Amino acid sequence: MSNPNLKIVSISNKNLKKELMVSSNEVTSLRNFLKEVIGEDILIINTNLGLDIYYLGVTSHEELIVSSFLLVTAGIKKERNNFYIKSLNSRTDVMLETQIFFRRLIKNPLLCKSYIKSLSNQLNEMPKTQSKLLKEMVCLWKEVFFKMNEDTGIDKMIPFLVRFQDNSYSENNNPVLQHLIKAALSADRIN
């Protein structure tokens with residue numbers, strides 16, 4: 071059997087809004103349902119930029135994830151064509167998209183601050199059982215982060231990453247997450 075790899079289904083509104091895509095209760099319901107059906111850990115990052123569903127898998131579950139999302143959002147009477155949907159099924163695709171996303175955050179410091187705050191809060195609520203998924207995500211983010219050139223303005227993200235690290239240490243009781251954050255953001259890794 072093949073090893074599962076990190077996959078992402080990213081869903082965003084065609085019209086950028088200053089509110090979350092779905093409520094935190096809907097995220098919990100969606101995560102629990104998908105975990106039960108797919109049989110793998112699921113992490114959903116819900117921000118005003120969109121909804122990113124991370125999972126480890128051998129095969130793509132894009133149709134199941136999108137259909138489930140549309141069921142959860144049925145009350146707002148939107149259809150699939152009201153959203154941008156992107157499925158990333160290879161490590162190369164995930165790395166490329168992550169690099170594009172990091173560049174977008176670098177150009178928008180307020181967006182970066184908002185995203186890191188939301189991400190930090192959601193990671194703190196994450197069950198300890200998702201350590202394998204989280205470890206894969208942090209390794210990938212770290213790899214992309216350190217491959218980016220200094221001329222991209224990556225140094226502008228350092229204060230936000232330090233704040234993310236500090237918040238995660240003080241608010242997180244998950245020792246695996248604390249170790250991963252410490253390793254990913256340690257001063258030894260910064261040029």
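When we follow this note's numbering, the leftmost residue of the sequence shown carries the number 71, and every step to the right adds one.
For every residue, glycine included, the Cβ atom is placed at its ideal position computed from N, Cα and C.
It should be emphasised that the depicted structure is a prediction, and the values quoted were computed from it without experimental measurement.
Going by DSSP, what residue range makes up the beta strand (DSSP E) through residue 79?
Note, residue 79: beta strand (DSSP E), 75 to 83.
Please list the terminal residues of the continuous alpha helix (DSSP H) segment that includes residue 111.
Counting along the chain, residue 111 falls outside any alpha helix (DSSP H), and DSSP gives it neither H nor E.
Using 8 Å as the threshold, is the stretch 113 to 133 in touch with the stretch 76 to 84, meaning 3 or more CB pairs across them?
These segments touch.
Does the CB of residue 171 have a neighbour CB from chain D at under 8 Å?
Within the model displayed, chain D is absent; a lone protein chain is all it includes.
Among 116, 117, 101, which one has its Cα closest to the Cα of residue 110?
If we check each option's Cα against that of residue 110, 101 comes out closest.
Have a look at 213, 137, 209, 97 and flag the residue whose alpha-carbon is nearest the alpha-carbon of residue 114.
Selected option, being the one with the closest Cα: 97.
Helix, strand or coil, according to DSSP, for residue 178 in the structure here?
Residue 178: coil per DSSP, three-state reduction.
CB residue 88 to CB residue 118, shorter than 8 Å?
In this structure, residue 118 lies closer than 8 Å to residue 88 by Cβ.
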